[in-house]
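Those letters in the sequence shown? Residues 1418 to 1905, by my numbering.
The beta carbon of each residue, even a glycine, is placed where N, CA and C say it ideally should be.
First comes the structure, then the notes that go with it.
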Amino acid sequence: MGASIRRRLLWLILGIVTIVWLAAGWRVYEDARHEVDEVYDANLAQSARVLLGLLAHEVEEEGETRENIGRVVNEVGLENLANFPVMAGLIREHSGATHEHIEWAERGSHPGHKYESKLALLARYGDGATLLISPNAPAVPQAKDGFADFNDGTHRWRFFSIVDDATGLLVQVGERIEVRRELVGYITRNAVLPLVLALPVLALLLWLGVGQGLRPLARVADEVEHREPDALHAIPLEDSPCEVRPLLDSLNSLFVRLDRALKAERRFTSDAAHELRTPLAALRTQAQVAMRETDPMRRSQALANIQQGVDRATHLVEQLLTLARADAGSSAKTELAPLALAPLLGELLADMVDDVMAHGAEIGFDDGGGKVAGDAGALRILARNLIDNAVRYGGEGVHITVATRRVGDQVELEVLDDGPGIPAADRGRVLERFHRGDAVTLFADAKGSGLGLSIVQRIAEMHRAVLRLDEGPDGRGLRVQLRFPARA
């Protein structure tokens, strides 16, 4: 059993929603990472500039102090410094250290933040000597101004470096990349997690909503399921969504076709039973006559009548079977192939020549060419019925002409005779099944079953051909004309 529409829609919608949410989550992550990097880079740059401003002032004061000491020494002279022991000690103290070094010392009683260990500060003189370094700072190399990433083997760092042009002082401020990624992850989780938690709720609501939306289909299924076999009335279209209308229209159209087919089948069965009842009763009567008759001549005549009745009943049954096949062919999608009418008609006339001559008829064939899209077997039955009708109803010595011709984008097949013809008022009715004009019995001169033209009409419909019945040349006989769409 295939999956239900409800379940398929649910999984389809949930799949689409999940893909969209994943894409949205990825976009949130990328945007958060970009913005966090921008903010943290700005903080690094600002911190480095503040630290550079403070330390550059210290370095400048250190340089001014050394310049002042130099001027004092020059004015006093080295030989006279012994007369000023305190000054000499200060001069020795400042001149003994090449650069000043600031020791990192933790001050204050308030506990620090857990992220402090993930931040680093460094300050170096122009010659590489260290002025200031935080305890957790990695051994980052000197760099030019700007941002740079650094991996100390354990952690990845992001540094901003800035150099003071006046003093040559280099300040580097850095932080671990994980600080940024933790914040990005936190932002992404808080943005996406509610959507993930809402997915089961969404699935439930979608399940209920899809079920509600498919109720019209359930109503149609329920109505069709509880119908009686002969209930072929249309399904009401009121309150039906537009998406369901094509399905309902197709079902109603199917019901109409089924109703028409069933009615035609019932009518055909009824007519066939009626038509077969008369010849069978006549056969029974003739058989009883033959059994009671003592005169050999009369008994022989009764047996001949029985043989004639059997032949006509056989012909009727054959016509019934042919009509049933024609009905099936017209309702099914029969494959039609291009074929020329002339060879088909020539073979058919050659097969029928003995029967035509036995009835004292004359027949001619006028080949005007033309190809149609058709079924060779069905067209052979069509032509045989037309010629057989002309022979049966034309009378002794009837002249029959079979002709084909190309007329524009159509091909004509014409069978005409100079027999008694069919009155104009009766030409429409002769296409009905079992109608033969004047009432005839099985043993009358007209030996038809009343099905020939019905078979012709069904085969014509199968080939999208137009059938016309007119009077023959000079107002005599019958002209049967079929126009088929031409094929190249």
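In this structure, DSSP gives Lys-1788 an extended state, which the three-state scheme calls strand. For Thr-1711, the secondary structure class from DSSP, reduced to helix, strand or coil, is coil. In the three-state scheme derived from DSSP, where H, G and I count as helix and E and B as strand, Ser-1871 is classed as helix. Around the beta carbon of Thr-1818, 16 or more other beta carbons sit within 10 angstroms, so the residue counts as buried. Here Ala-1554 has Ala-1537, Leu-1538 and Leu-1539 as same chain residues with Cβ atoms under 7 Å from its own Cβ, once five neighbours each way along the sequence are excluded. Listed as beta-bridge partners of Phe-1567 by DSSP are Trp-1574. Taking all protein chains shown into account, Glu-1592 has 16 or more neighbouring C-beta atoms within 10 Å of its C-beta and is therefore buried.
Runs of the alpha helix (DSSP H) lying entirely within the stretch 1584 to 1664 and spanning at least 4 residues, in chain order: 1594 to 1630 and 1632 to 1642. Selection Asp-1835, Asp-1454, Asp-1826 and Arg-1822 evaluated against His-1816 yields Asp-1835 as nearest (Cα-Cα). Per DSSP, reduced to three states, the secondary structure at Gln-1703 is helical. The beta strand (DSSP E) runs of length 3 or more contained entirely in the stretch 1775 to 1839 are, from start to end of the chain, 1779 to 1785, 1788 to 1791, 1816 to 1824 and 1827 to 1834. In the DSSP assignment, Gln-1559 falls outside any beta strand (DSSP E), carrying neither H nor E. Pairing Ile-1780 with Asp-1647, the inter-Cα distance amounts to about 49 Å. Taken through DSSP and simplified to helix, strand or coil, Pro-1890 comes out as helix.
Beta bridge pairing from DSSP links Ala-1540 with Leu-1549 and Val-1588. For the 9 Å CB-CB criterion, Val-1590 and Ala-1465 form a contact. Counting of Cβ neighbours within 10 angstroms places Leu-1803 among the buried residues, the total reaching 16 or more.
In the assembly as shown, His-1880 is a buried residue. Its beta-carbon has 16 or more other beta-carbons within 10 Å. Contact between Ala-1719 and Val-1706 holds, since their C-beta atoms are separated by about 5 Å, short of 8 Å. In the structure shown, Leu-1753 falls within a coil segment according to DSSP collapsed to helix, strand and coil. Between Leu-1619 and Val-1434, the CB-CB gap stays under 9 Å.
In this structure Leu-1765 touches Ala-1800 by the C-beta definition: roughly 6 Å separates them, less than 8 Å.
Secondary-structure assignment with DSSP links Leu-1884 through a beta bridge to Leu-1899.
Between the alpha carbons of Asp-1728 and Asp-1792 lies a gap of roughly 28 Å. Within the model, the alpha-carbon separation for Phe-1576 versus Trp-1443 is close to 27 Å.
In this structure, the straight-line span from the alpha carbon of Phe-1564 to that of Thr-1571 is close to 20 Å. In terms of Cβ geometry, Asp-1562 and Ser-1578 form a close pair [threshold 9 Å]. A distance below 8 Å between beta-carbons, with the five flanking residues on each side excluded, links Leu-1665 to the following residues of its chain, in chain order: Val-1637, Ile-1652, Leu-1654 and Ser-1657. Around Leu-1472, the same chain offers Ala-1540, Leu-1548, Leu-1549, Leu-1586 and Val-1588 as residues with beta carbons nearer than 7 Å, after the five sequence neighbours per side are excluded. Taking a 10 Å sphere around the C-beta of Ala-1877, we find 16 or more other C-beta atoms and assign the residue as buried. Here Thr-1821 really is in contact with Leu-1758; their C-beta atoms are around 5 Å apart, less than 8 Å. No Cβ-Cβ contact shorter than 9 Å links Leu-1833 with Leu-1884. In this structure, the alpha-carbon of Gly-1794 lies about 34 Å from that of Asn-1669.
Per the coordinates, the alpha-carbon of Gly-1602 lies some 18 Å from the alpha-carbon of Trp-1574. Within its own chain, the residues whose Cβ lies closer than 6 Å to the Cβ of Leu-1623, once the five positions on either side in sequence are excluded, are Leu-1427 and Ile-1430, listed in chain order.
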